[in-house]
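Listed in order, the protein sequences are those of chains A and B.
The number in our numbering is simply the position in the first sequence, starting from 1, with 6 added.
Numbering follows our numbering, with no gaps: position 151 of the second sequence is 135.
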Amino acid sequence: MPERPGLLALAPAVTLGLIALPVLAGLAGTILPGLGLAPALGGTRLDLAPWAALLATPGLWRSAALSLGTGLAATVVSLALTTLILAAWHGTRPFRLIERALSPLLSVPHAAAAFGLAFLIAPSGWAVRAVSPWATGWQTPPDWLLPGDPLGLSLIAGLAAKEVPFLLLMSLAALPQADAARARRAALTLGYGPSTAWLKAVFPRIYPQIRLPVFAVLAFSLANVETALILGPSTPATLAVRLTQWMRDPDLALWLKAAAGATLQLGLVLAALALWRLAEAAATRLGRAWITRGTRHPRDRLPRAAGALAAALATLPMLAGLASLAVWSVAGLWSFPDALPASLTLRAWSRAAPELAGAALTTLGIAAGATALSLALVLACLENATRRGRGAGRALLALLYLPLVVPQVAFLFGLQILGLMAGLDGGPLAVTLAHTVFVLPYVYLSLAEPWAALDPRLAAAAATLGAPPGRIFRRVRLPMMLRPILTAAAVGLAVSIGLYLPTLLIGAGRVATLTTEAVALASGGDRRLIGTWALVQAALPFAGFALALGLPALLWRNRRAMRPAR
Amino acid sequence: MNAPPSRHEAGLTFEEVRILRAGVPLLELDAHIPPGEILTVMGPSGAGKSTLLAFATGTLDPAFTARGRLWLDGAEITHRPPQTRRIGMLFQDDVLFPHLSVAGNLAFGLSAGIRGRAARRARIEAALSEAGLAGFGPRDPATLSGGQRTRVALLRTLLAEPRALALDEPFSRLDASRRARTRDFVFSHARARGLPMLLVTHDAEDAMAAGGPTILLGG
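Below, the structure written as structure tokens:
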């Protein structure tokens, strides 16, 4: 039915603008100063000096190669682990365990996960302590460079630990559309082993649907700052880490060099995406040959075991790392190679408490603001699409990935410069708006599917009972969507709480959140203090997910049909 | 349909209605349903039975285009939005709102003209006991039997005070013993209110019980 076009009809345009404009403006604000075109910084004509300075930087190409290598490797590892887990275990009983663990794992901020992993694999970390001295004979920590190994292996591990849960979640969302259950059953009845059936009949249909998330993983892995700062090598560091250091320098010349470097970072990501597309084409040819060969592997035992190993690799280090954060935060004297501290103390906590509380409040305020704005816009977009009787266009979906695929350093720096030119001072409000650019896509992705799955007859029934569209939205769709809405809110909060670079750059270093403060502690090396900060940073999003699960269970305890299907 | 449709009389009138999908004609209907009578529409799947109901209730998918006019009690309602047409609908599944209690579902349907919590609750309780469901108000709809759910759905529809009823195979999910009883319940309640009914069904027994004329679509 035709509706009066109201504010609702503007929602998609506002949403798109909010996402695309900062990215595009920020890119311009990055690329142009790199070419000397920055009126606010005194440059008005084309000048390649910033680029010359950049190219003359020692170790530049090593940093670039490190970024490219770790980014591609982390993406390959994440995708491989995800595929193995799904191929081996999808549709089995243990898989439900993995599904339940997904949201909490996904909620762990990158920085906290990286710290946990660092604590685990360090020479005096839990992994070594667990096998010393009885197995290794070591009485002093071994002399190895972990984390921070020059090849970036620990960085790759830290990235993969965070990206596997994300890719798993995106794949699970794609499975119903790919008609996965029937395809797999058909292959099974043709004599294929369970994992082979999945790989040959389901994966080719899943991959096109998770391609954009894979691109987002690639772009993030290649250009992220906080994980690389904590786990990556330092001589030299990855390109993004070095850029961030330059951007925070008071020296203007370094800024222009950073602008050129951010443009190079953008080029690296684009090159990696192009490389990935080429590899996709090759993999498709090889895969098709493998699929049509007809080999059935009816008892494919190896992939099952490999899948179990993959699931263990994707979950256990992160959990052990978080536990070791907790232990360190209350550790008194803890000498090597004891597996546990000799005494426990709350000294680190009482020392950190005042600053922790302040930062936690700031963090929550920004996260709540960005999430509320995102939810309002996303709900308006979805409701608008429903009333107009069509889904969101593919263009909107693709554009949603823009802030996730364009490297953060490449446009946030430009936004910062533009802000300076406009005389805007980066405060909590500016940071909240910047966070919305990253929060909104995730809120949309997590809400769009449950929204589309809502039985349209419920709205039709309400309409034939005389309910106008506004009432249908408030009384039928909104309450029925309570669980997905709360989950989307928890996702939004988790994303915002974990954001490092947007807070650092847009806040001009003056907005102190749990994430910026925790990452700043990395260089200090006070494990007890890091333990407290990283733990609180991980606890907040987790609490959000717990609420999102618990509240509907409480509200709908007398409504059987409102319980989750699985 | 021998007599020409009488659009100015009481009842539901389809005046030279043609529904097209992507420009291809799907169905045509020219009929008048007097108050308390049932027009039964039968036909194989895909013949457009549900589309006809969607046209009647104003929830036609934009993929279809409709020509012709729809009249209810002498007023044209072709272009009215569903919420102001006053054509109630019973679905194949009951489509009760799973997040509301039985009483909550009925309150959703109950006309806002009945004011005050006590008055509304009394009206709902009365409807429930009339339907042999006294005391079911606080229940979760998911815990009801199929026949009970269909009765609640009808109560919800009737409490909205519709002037006509569209029935989309509302009995097809019920087992044989409940089926006849629930059908009689629905038909008698709707007849008592003088509602014209458009019944879509697969089942010849439904058509017989309806007693009115039957149209075969796509035959």
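Just so it is clear, CB atoms sit at the ideal spot from N, CA and C, and this is done for glycine as well.
Please report how far the alpha carbon of residue i lies from the alpha carbon of residue j, in whole angstroms.
{"i": "Arg565/A", "j": "Ile98/B", "result": "27 Å"}
{"i": "Leu10/B", "j": "Gly30/B", "result": "9 Å"}
{"i": "Leu555/A", "j": "Arg2/B", "result": "49 Å"}
{"i": "Ala404/A", "j": "Thr522/A", "result": "30 Å"}
{"i": "Leu112/A", "j": "Leu492/A", "result": "15 Å"}
{"i": "Arg294/A", "j": "Thr369/A", "result": "48 Å"}
{"i": "Tyr506/A", "j": "Arg70/B", "result": "55 Å"}
{"i": "Ala280/A", "j": "Leu235/A", "result": "26 Å"}
{"i": "Asp78/B", "j": "Ala268/A", "result": "58 Å"}
{"i": "Ala193/B", "j": "Arg175/B", "result": "13 Å"}
{"i": "Leu402/A", "j": "Leu24/A", "result": "12 Å"}
{"i": "Val220/A", "j": "Asp155/A", "result": "26 Å"}
{"i": "Ala167/A", "j": "Asn230/A", "result": "14 Å"}
{"i": "Met486/A", "j": "Ala110/B", "result": "28 Å"}
{"i": "Thr392/A", "j": "Gly7/B", "result": "24 Å"}
{"i": "Leu165/A", "j": "Val29/A", "result": "24 Å"}
{"i": "Phe548/A", "j": "Arg477/A", "result": "33 Å"}
{"i": "Val136/B", "j": "Thr68/B", "result": "22 Å"}
{"i": "Gly199/A", "j": "Pro210/A", "result": "17 Å"}
{"i": "Arg53/B", "j": "Gly42/B", "result": "12 Å"}
{"i": "Asp190/B", "j": "Ala164/B", "result": "8 Å"}
Mind checking residue i: buried by the 16 CB within 10 Å criterion, or exposed?
{"i": "Val482/A", "result": "buried"}
{"i": "Pro8/A", "result": "For Pro8/A, the predicted model reports a pLDDT of 41, less than 50, meaning its position is unreliable and no value from the coordinates is stated."}
{"i": "Trp57/A", "result": "buried"}
{"i": "Val20/A", "result": "exposed"}
{"i": "Gly119/B", "result": "exposed"}
{"i": "Thr76/A", "result": "buried"}
{"i": "Thr377/A", "result": "buried"}
{"i": "Gln183/A", "result": "exposed"}
{"i": "Ser335/A", "result": "buried"}
{"i": "Asp(-8)/B", "result": "One point to set straight first is that residue -8/B is His, not Asp, in the sequence displayed. Burial call: exposed."}
{"i": "Leu248/A", "result": "The question names Leu, yet the displayed sequence has Arg at residue 248/A. It is buried - the Cβ of Arg248/A has at least 16 other Cβ atoms within 10 Å."}
{"i": "Glu153/B", "result": "buried"}
{"i": "Asp168/B", "result": "exposed"}
{"i": "Pro28/B", "result": "exposed"}
{"i": "Thr146/A", "result": "exposed"}
{"i": "Ser160/A", "result": "buried"}
{"i": "His63/B", "result": "exposed"}
The beta strand (DSSP E) spanning residue i covers which residue range?
{"i": "Asp152/B", "result": "148 to 152"}
{"i": "Gly236/B", "result": "Since the first residue of chain B shown is -15 and the last is 203, residue 236/B is not available in this structure."}
{"i": "Gly433/A", "result": "Neither: Gly433/A is in no beta strand (DSSP E) and is coded neither H nor E."}
{"i": "Met26/B", "result": "22 to 26"}
{"i": "Ala50/B", "result": "48 to 56"}
{"i": "Glu(-1)/B", "result": "-4 to 5"}
{"i": "Pro9/B", "result": "8 to 17"}
{"i": "Leu200/B", "result": "198 to 200"}
Name, please, each residue of chain A whose Cβ falls closer than 7 Å to the Cβ of residue i.
{"i": "Pro46/B", "result": "Gly395"}
{"i": "Ile207/B", "result": "The structure shown has nothing for residue 207/B, since chain B only spans -15 to 203."}
{"i": "Arg140/B", "result": "Leu471"}
{"i": "Ala144/B", "result": "Leu471, Gly472"}
Where do the N-terminal and C-terminal ends of the alpha helix (DSSP H) with residue i fall, by residue?
{"i": "Ala179/A", "result": "159 to 180"}
{"i": "Pro413/A", "result": "Counting along the chain, Pro413/A falls outside any alpha helix (DSSP H), and DSSP gives it neither H nor E."}
{"i": "Glu523/A", "result": "520 to 526"}
{"i": "Asp190/B", "result": "188 to 194"}
{"i": "Met181/B", "result": "Element bounds for Met181/B: not the alpha helix (DSSP H) but the beta strand (DSSP E), 181 to 184."}
{"i": "Trp132/A", "result": "132 to 136"}
{"i": "Glu232/A", "result": "232 to 237"}
{"i": "Ile212/A", "result": "209 to 229"}
What residues from chain B crowd round residue i, counting only those whose CB sits closer than 7 Å?
{"i": "Leu464/A", "result": "Val79, Phe81"}
{"i": "Ala467/A", "result": "Met73, Phe75, Val79"}
{"i": "Arg481/A", "result": "Phe92"}
{"i": "Met568/A", "result": "Pro82, His83"}
In chain B, which residues lie less than 8 Å from residue i when you measure between Cβ atoms?
{"i": "Trp562/A", "result": "His83"}
{"i": "Ala473/A", "result": "Gln67, Phe92"}
Quick one: which chain B residues come within Cβ less than 9 Å of residue i?
{"i": "Arg565/A", "result": "Pro82, His83, Leu84, Ser85, Asp124, Pro125, Ala126"}
{"i": "Arg489/A", "result": "The contacting residues do not exist; Arg489/A stays about 10 Å from chain B at best."}
{"i": "Pro485/A", "result": "Phe81, His83, Leu84"}
Residues of chain A with CB under 8 Å from residue i, in chain order?
{"i": "Thr41/B", "result": "Ala466, Ala469, Thr470"}
Report task. Could you name each continuous alpha helix (DSSP H) segment of 4 residues or more that falls completely within the region 106 to 176 of chain B, going from the start of the chain to the end? Result -> 130 to 143, 160 to 176
Requested in this report: Starting from the N-terminal side, write out each stretch of the alpha helix (DSSP H) that is 4 residues or longer and does not extend beyond the region 27 to 108 of chain A.
Outcome: 55 to 61, 66 to 95
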